[in-house]
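What follows is one structure encoded as structure tokens, with my remarks underneath.
Residue numbers (the numbering used here): 457 to 540.
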């Protein structure tokens, strides 16, 4: 299974929803809290091609986007193959 990284903040409901979907699928992920580290947030923004909002999700190093993007990918049937 590919490495999944999710940039989050503790109070973000979209972060919680994205993590819930990944857990439901049995996917382990690395959570990176950017709430207290401006350098981490800057690194996230750079990796996410300018996106500053959380969550920002990467699967196998590929930028997926945010929570809505993750759910849309799953709904379209593209998430499971991407995780394999």
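Note that the Cβ used here is the ideal one computed from N, Cα and C, for glycine as well. Here the structure is a predicted model, which means the values were calculated and not measured.
Asked: N-terminal and C-terminal residue of the alpha helix (DSSP H) that residue 486 is part of; Found: Taken as a continuous stretch (DSSP letters only), residue 486 belongs to no alpha helix (DSSP H), being part of the beta strand (DSSP E) at 486-489.
Asked: Collapsed DSSP secondary structure at residue 459 in the structure displayed; Found: coil
Asked: Supposed close pair residue 512, residue 504 - CB separation, criterion 8 Å; Found: 4 Å
Asked: Helix, strand or coil at residue 501 [DSSP, three-state]; Found: helix
Asked: Exposure of residue 497, with buried meaning 16 or more beta-carbon neighbours within 10 Å; Found: buried
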